[in-house]
Amino acid sequence: LQLFVLSPQEVTASSRHYVDRLFDLDPQKVLQGVIDMKNAVIGNNKQKANLIVLGAVPRLLYLLQQETSSTELRTECAVVLGSLAMGTENNVKSLLDCHIIPALLQGLLSPDLKFIEACLRCLRTIFISPVTPEDLLYTDATVISHLMALLSRSRYTQEYICQIFSHCCKGPDHQTILFNHGAVQNIAHLLVSTSYKVRMQALKCFSVLAFENPQVSMTLVNVSVDGELLPQIFVKMLQRDKPIEMQLTSAKCLTSMCRAGAIRTDDPCIVLKTLPCLVRMCSKDRLLEERVEGAETLAYLIETDVELQRIASITDHLIVMLADYFKYPSSVSAITDIKRLDHDLKHAHELRQAAFKLYASLGANDEDIRKKIIETENMMDRIVNGLAESSIKVRLAAVRCLHSLSRSVQQLRTSFQDHAVWKPLMKVLQNAPNEILVVASSTLCNLLLEFSPSKEPILESGAIELLCSLTQSENLALRVNGIWALMNMAFQAEQKIKSDILRGLSTEQLFQLLSDSDVNVLMKTLGLLRNLLSTRPHIDHIMSTHGKQIMQAVTLILEGEHNIEVKEQTLCILANIADGTTAKELIMTNDDILQKIKYYMSHSNAKLQLAAMFCISNLIWNEEEGSQERQDKLRDMGIVDILHKLSQSSDPNLCDK
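In terms of the working numbering, the sequence shown opens at residue 363 and continues consecutively.
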């Protein structure tokens, strides 16, 4: 139990007097005592703390639950408890420790509406506190259905219950419970309530119910209230003359429905209404929270759609407008408000995070948009600073933004080089949590492409060791990125780098990756092997040190249950080995492998037949030493007969080869 440490002087006699009156034998005096207590605690946090320390809460809860208490007394007790909950987070913790939630939920079974409303108001205050576990609402299955039934009682029950739902709906499990209890049907008609507060809370409910939830989104599209479909109602709530909070929340509903595929991305309600509304929220006239929510919602809306990215990038100079997120944390209208300025400075990092997220979405696909983003004043410096911020959310968003921009060949060659972006990126990779590691390692993959000037310095800064360690991660995305980056690193690399990669990975780890259950890991590992085994001197060198193990790996895969792409990639590796001067012998002396090549020449899939023929053609060049013996051996195996048959093939590629 958390108690406040107050000096005895502070626990004033008057506070004690309030608590003592709760124990009077005369019910009328008890009621008056509770009413006086209610008036004493309104807006007085010190008084609230005193009363909690003196044990008022258990007594108030006892009176609230007593069948013999008058309804008026029980109602006043609920009001005082609600007032105590309005104080600090410690107050709420104290109330929770006294098991206030079961007591209030029990109170909802009363026939008296005023008492029910007081209980709901108190529950609402407790549930919107960050210290209250949402799961407390779901421990008893009958609670949700009872709350749904109470929705029809009054506008206050509607407002409080919707507010409780929207605060306690965290994640798909909660969404499913509420959805299965008829939340959509029960709340939809509240969107046209005469009370603004009810409309607003109902709207918030839908925004959390539909978030990343296709089932809810698909249902919402077809629900109508008074002959009007919900999307049309949401669009009306987006209009400029509506309060900002209403515009933003309805934009979030439409965004979730669009991302779930319930509304098309080219629907006018998205292109002409939702998107422009969210861009408006990014203006520096808006309050910090509105700008943050506007940018984050817009980033989510356009994240996967190129056309929406293009439209957003040319709406209201959005790219330039976002630059203000780094300069002006406070809106123009708040400059005169000292308290507001102080708040905004403390929360300025949220703006930076939101801007990075939106830049990442804007630049996800289009080269021209990336160019515009990078040309925005000090953009690269801002990203570099973002990578080093203390807030993990800002770091993650900055890495995302960098990743998005790193998809551009042009930028990798210019801006990324000028700002030595790889340095802070390597630093981020040292000991970051997985969610940052995944995006940062993806970005590193792009910086290691052969045309990127950052490739050399990254290698010198110990990247091989770092990437080899990623390939051992439990996290699939990290394994894929680690091996992918090594594959990019090995492409057209010099022999020393290739040897370092093989040494860093170890044969054991290579086999581990080749038997990974994920086909992506397998394909990237084969890609790495193929890149390592390119150019003759390298092929011969690597096969002289690792030949036995590599041939074993190739055999393993050609014998395993793998898809066509995997087998094709493996045969291409064999063709590379066949191109070596001394490495050839490892194939020629391995009858098992030769039989496999022969088998794939007659396979039903043309891709595999072609890849197998590449192996043969690399083994038989006339001008190479020992070609005669190799040709004789292959002739004896019946390869020529297969070639005759293939020259009659209807596939022109096979014919030519």
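Glycine included, C-beta positions come from ideal geometry on N, C-alpha and C.
How many Å lie between residue i and residue j at the Cα?
i	j	result
R436	C530	26 angstroms
A852	I863	8 angstroms
I1030	K733	The structure shown does not extend to residue 1030, since the chain is modelled only from 363 to 1019, so the question has no answer here.
C639	G395	52 angstroms
K1019	D941	17 angstroms
Q931	Q874	18 angstroms
P473	T433	10 angstroms
L413	R517	32 angstroms
L363	P389	For L363, the predicted model reports a pLDDT of 49, less than 50, meaning its position is unreliable and no value from the coordinates is stated.
C644	H711	15 angstroms
A973	R653	56 angstroms
Y380	K391	11 angstroms
L467	K614	31 angstroms
D398	S445	13 angstroms
M448	S675	43 angstroms
F573	K817	40 angstroms
I919	T887	12 angstroms
D880	C807	19 angstroms
T450	N407	7 angstroms
R486	I404	17 angstroms
L457	A564	27 angstroms
A624	I955	53 angstroms
L832	L890	15 angstroms
I700	D686	20 angstroms
I526	T538	16 angstroms
I490	C567	13 angstroms
I523	I488	12 angstroms
R898	T659	53 angstroms
D502	T494	16 angstroms
T556	P492	30 angstroms
G544	I506	10 angstroms
E822	N452	53 angstroms
Spell out the partners DSSP gives residue i in its beta bridges.
i	result
S586	L591
Less than 8 angstroms separating the beta-carbons of residue i and residue j?
i	j	result
L637	L663	yes
L791	L848	no
V800	A750	no
M619	P593	yes
C481	L499	no
A915	C977	no
S804	N850	no
L423	I462	yes
C439	L416	no
H900	K860	yes
I754	M788	no
V560	D588	no
A657	A726	no
V641	T617	no
L895	I935	yes
L809	W784	yes
E528	V570	The question names Glu, yet the displayed sequence has Ser at residue 528. Going by C-beta atoms, S528 is nearer than 8 angstroms to V570.
L811	L764	no
N952	M999	no
Exercise. Touching or not, the segment 579-588 and the segment 531-539, by the rule of three or more beta carbon pairs under 8 angstroms?
Worked result: No: fewer than three Cβ pairs fall under 8 angstroms.
Exercise. Are the segment 720-729 and the segment 751-758 touching by the rule of at least three beta carbon pairs closer than 8 angstroms?
Worked result: Note that the segment 720-729 does not touch the segment 751-758; fewer than 3 beta-carbon pairs, one per stretch, sit closer than 8 angstroms.
Problem set entry | Secondary structure, alpha helix (DSSP H): runs of 4+ residues fully inside the segment 963-1011 | Runs found: 968-981, 989-998 and 1001-1008.
Problem set entry | Touch test, the segment 624-637 against the segment 686-693, Cβ-Cβ under 8 angstroms, three pairs minimum | At 8 angstroms Cβ cutoff, the stretches do not touch.
Exercise. Quick check: the segment 655-673 against the segment 735-753, are there 3 or more CB pairs under 8 angstroms?
Worked result: Short answer: they don't touch.
Exercise. Do the segment 922-931 and the segment 897-907 make contact, defined as three or more Cβ pairs closer than 8 angstroms?
Worked result: Contact between the segment 922-931 and the segment 897-907 is absent: fewer than three C-beta pairs spanning the two stretches fall below 8 angstroms.
For this session: Mind listing, in chain order, the continuous alpha helix (DSSP H) runs of no fewer than 4 residues lying wholly within the segment 532-601?
Result: Whole alpha helix (DSSP H) segments, 4+ residues: 534-542, 545-550, 558-572, 576-583 and 592-599.
Problem set entry | Every unbroken alpha helix (DSSP H) within the segment 761-825, with a cutoff of 4 residues, ordered by chain | List check, alpha helix (DSSP H) in window: 771-775, 777-780, 784-790, 796-809 and 817-822.
Exercise. Which whole runs of the alpha helix (DSSP H) in the segment 655-720 are 4 residues long or more, in chain order?
Worked result: 668-675, 680-689 and 700-708, all fully within the segment 655-720.
Exercise. Taking three-plus beta-carbon pairs below 8 angstroms as touching, is the segment 534-553 in contact with the segment 510-524?
Worked result: Short answer: they touch.
Exercise. In chain order, which alpha helix (DSSP H) runs of at least 4 residues are fully inside the segment 498-536?
Worked result: Whole alpha helix (DSSP H) segments, 4+ residues: 503-512 and 517-530.
For this session: Kindly provide the ranges of any alpha helix (DSSP H) runs that are 4 or more residues long and lie completely inside the segment 851-912, ordered along the chain.
Result: Every alpha helix (DSSP H) of 4 residues or more that sits fully in the segment 851-912 is shown, in chain order, as 857-876 and 881-894.
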